[in-house]
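Notes to accompany the following structure.
Residue numbers (full-length UniProt numbering), protein chains in the order written: chain A, 1 to 644; chain B, 1 to 135.
Now the structure itself:
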């Protein structure tokens, strides 16, 4: 019954989405007042998909093997947390999570939106319903998560052991909240283009949605990067893999949008461009979903062999992106541009920011999709990877990071004062860092060296907006911006230090043998078997010392039987100045063991920086919300009676 | 008896993705000469593990990746240049094996498009700002 309840809830939600879309069209065409009804429907729709998702969690928690999806992806002997999190560790379950976030976003928009006009809101809710309808159809027609098996098998096939990690509980939901949360920006842009009400009020209404989605996306990408780093066992934290790029593209677009939306909200300018970015950001989410969920990445041919899902997603992508861009083409040109600005102004700075982010986005897009395109038309297989992305996007990202230090110092409209004297101290720090690395570490590559200099510059320049005023009086969004920009400097420093100063030791070591890695001496003391709930393992004991107080690390190679897989469990010790990363591999015939050791100075700054960036976003989001709430309470002392 | 064993071995090995052979000597060891190892490492990071999904041979547990690491390290130790080894591998496996797009015509758009976009973007932005500021 539970699976059927879930399925029924999905069908009902799809029906409500259709109704919501029809009401939205009616409201747009006529003077029909649909706002209250549509708000209600959107909320019920969100509740229904949450119900369906809860049903999926229950069948996974109970390992109900009569549900095909549970049989294919779960196993009774799995730890409970991975049974539950395993619900979204597969195609159908993750699409249901996707759709759940989509309709929950619509429900929140319906519940919370008080800032935009009624007609724009109903048009936006209609657009959100149109999006949801397509993806409900995809779930119900091509990816039903609740299909039954009769008779029910005795045991399930198990979840890919690489996914049996706390990361699975946290990473996909956070990422999807960001990914799909961008749908609200898309719908608001479409709604405002339909009603021709693109103005600063729309910018202010759209901003918290973009910010919230962007925070989640930042956290999700950061968490995913750390998960890959410790789980894959080779010390890499970003692989320029198409699946990673699929999450980076919406983030780049959302970051650009977050900046241009400020121009729209504050000055009423960049209307057309901001609407376009809002459309692009969620389009990138859909492109990412297509890439990851259609099978096109495994190979262009896998896509052709099982074309149903891929073609369905491609059709949805074409319809939504095509429709939004057509609308933009029809209405974008008619938008009157807002207040003018001078060459040296905050607006210009944000325009340059948007230009660089857009070009970086285009590079990632091209590098990810062009090989698929070439293979599909000529059969020739190209590889595009780290060497390309680092060489092309890297320098632009560094240039952008320099400008991050400058832009926030500029005044709106026209900067009359000289800006450069303010940057004396940061510039001096940056140059000092460069000179120090040239003297002390002459051998490192050019990009990490420049990145270290830029990080030192930006770390100091980012706090300048708080200097020369009472920092406690500064508005929360200024604090948020400063924190986020400091986060960029921190992450950049981590990336550069890791690239420049990592030492690696790969060896085949006998028991008792000692190996040097960076400042450490690591001795292989023993290797012994061990076991967990659903795995057995070989565990090495390593004693590492650099001078005083040795530490013990216990890396493992785990063997899972359902399905049969081997994973490396790296043992990682964190210090304030870096991580010691150790992996044990297979024995060779003589009884010696493969060891992989890395000393990674300041590598943790990469993810710390990511978290700080997200924190900056949160400060701006909640600070603004608090201020709006206080203002409303002051303006309307009786607001509580009116709303509750 | 012997031919039967040999036959069995022939049948058995291809059915396993990973054979039970010990890994090649240089698959998991570093070259003693640090500068040679650095060269090998830089090259390995740019070569695709042909049986993996989106991994370089420098960070893959697959047996083929180990064999390719062995090949790269041996050839570097023999004094071959990374460019030469890359060219040899591309000749055998196609440009799919190299993460650095080669200079062939199909890869040109990858290098030209970013430059073109940046130039067009700068032109648009500068024209816009000029118009806006009324000059």
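By construction, the Cβ of each residue, glycine as well, lies at the ideal position given by its N, Cα and C atoms.
The beta strand (DSSP E) spanning residue i covers which residue range?
i                      : result
residue 564 of chain A : 564-569
residue 437 of chain A : Note, residue 437 of chain A: premise wrong, no beta strand (DSSP E); alpha helix (DSSP H) at 424-440.
According to the neighbour-count rule (16 or more other Cβ atoms, all chains shown, within 10 Å of its Cβ), is residue i buried or exposed?
i                      : result
residue 538 of chain A : buried
residue 61 of chain B  : buried
residue 435 of chain A : exposed
residue 88 of chain A  : buried
residue 75 of chain A  : buried
residue 171 of chain A : buried
residue 252 of chain A : buried
residue 646 of chain A : Nothing about residue 646 of chain A can be read from this structure; chain A reaches only from 1 to 644.
residue 6 of chain B   : Residue placement at residue 6 of chain B cannot be trusted, given a pLDDT of 41 that sits under 50; what the coordinates show is reported in the next sentence. That one is exposed.
residue 259 of chain A : buried
residue 590 of chain A : exposed
residue 136 of chain A : buried
residue 71 of chain A  : buried
residue 649 of chain A : No answer is possible for residue 649 of chain A: the residues shown for chain A start at 1 and end at 644.
residue 141 of chain A : exposed
residue 457 of chain A : buried
residue 11 of chain B  : The predicted position of residue 11 of chain B is uncertain, since its pLDDT is 37 and thus under 50; no value can be drawn from it.
Roughly how many angstroms lie between the CA atoms of residue i and residue j, to the nearest whole one?
i                      : j                      : result
residue 568 of chain A : residue 432 of chain A : 41 Å
residue 331 of chain A : residue 126 of chain A : 18 Å
residue 57 of chain B  : residue 28 of chain A  : 57 Å
residue 557 of chain A : residue 593 of chain A : 11 Å
residue 146 of chain A : residue 228 of chain A : 30 Å
residue 376 of chain A : residue 247 of chain A : 23 Å
residue 131 of chain A : residue 77 of chain A  : 39 Å
residue 15 of chain A  : residue 320 of chain A : 19 Å
residue 19 of chain A  : residue 452 of chain A : 55 Å
residue 553 of chain A : residue 62 of chain A  : 36 Å
residue 125 of chain B : residue 426 of chain A : 28 Å
residue 163 of chain A : residue 224 of chain A : 12 Å
residue 118 of chain B : residue 261 of chain A : 22 Å
residue 311 of chain A : residue 438 of chain A : 53 Å
residue 500 of chain A : residue 448 of chain A : 6 Å
residue 385 of chain A : residue 86 of chain B  : 15 Å
residue 287 of chain A : residue 114 of chain B : 20 Å
residue 173 of chain A : residue 118 of chain A : 31 Å
residue 106 of chain A : residue 628 of chain A : 22 Å
residue 103 of chain B : residue 244 of chain A : 26 Å
residue 64 of chain A  : residue 165 of chain A : 22 Å
residue 440 of chain A : residue 265 of chain A : 47 Å
residue 13 of chain B  : residue 21 of chain B  : Model confidence at residue 13 of chain B stands at a pLDDT of 36, short of 50, so the residue's coordinates are unreliable; what they give is reported in the following sentence. Going from the Cα of residue 13 of chain B to the Cα of residue 21 of chain B covers about 10 Å.
residue 123 of chain A : residue 399 of chain A : 40 Å
residue 107 of chain B : residue 257 of chain A : 30 Å
residue 168 of chain A : residue 220 of chain A : 11 Å
Spell out the partners DSSP gives residue i in its beta bridges.
i                      : result
residue 538 of chain A : A/529 and A/557
residue 234 of chain A : BP columns for residue 234 of chain A are empty, so no partner.
residue 572 of chain A : A/581
residue 594 of chain A : A/508
residue 523 of chain A : A/514 and A/543
residue 548 of chain A : A/546
residue 382 of chain A : According to DSSP, residue 382 of chain A bridges with nothing at all.
residue 56 of chain B  : B/48
residue 660 of chain A : This structure cannot settle anything about residue 660 of chain A, because the visible part of chain A is limited to 1 through 644.
residue 98 of chain B  : B/47
How far does the alpha helix (DSSP H) with residue i in it reach, from first residue to last?
i                      : result
residue 83 of chain A  : 80-85
residue 586 of chain A : Here residue 586 of chain A belongs to no alpha helix (DSSP H); instead the beta strand (DSSP E) covers 578-587.
residue 240 of chain A : Residue 240 of chain A -> no alpha helix (DSSP H), and no H or E assigned at all.
residue 4 of chain A   : 2-29
residue 616 of chain A : 605-635
residue 68 of chain A  : 68-73
residue 33 of chain B  : Neither: residue 33 of chain B is in no alpha helix (DSSP H) and is coded neither H nor E.
residue 64 of chain A  : Premise fails: residue 64 of chain A is in no alpha helix (DSSP H) and is neither H nor E.
residue 82 of chain B  : 82-93
At a threshold of 7 Å, does residue i count as lining the ligand GTP (C-beta to nearest heavy atom)?
i                     : result
residue 29 of chain A : What this structure holds is no ligand at all, so the ligand GTP is not there to describe.
Considering only residues of the stretch 112-199 of chain A, which uninterrupted alpha helix (DSSP H) runs meet the minimum length of 4 residues and lie entirely inside it, listed in chain order? 118-137 and 166-195
Curious, which full-length beta strand (DSSP E) runs of at least 3 residues does the stretch 276-354 of chain A contain? none
Tell me the start and end of each unbroken alpha helix (DSSP H) in the stretch 456-509 of chain A that is at least 4 residues and wholly inside, in chain order. 476-501
Ignoring anything shorter than 4 residues, give me the alpha helix (DSSP H) runs that lie fully in the stretch 362-413 of chain A, in order along the chain. 386-406
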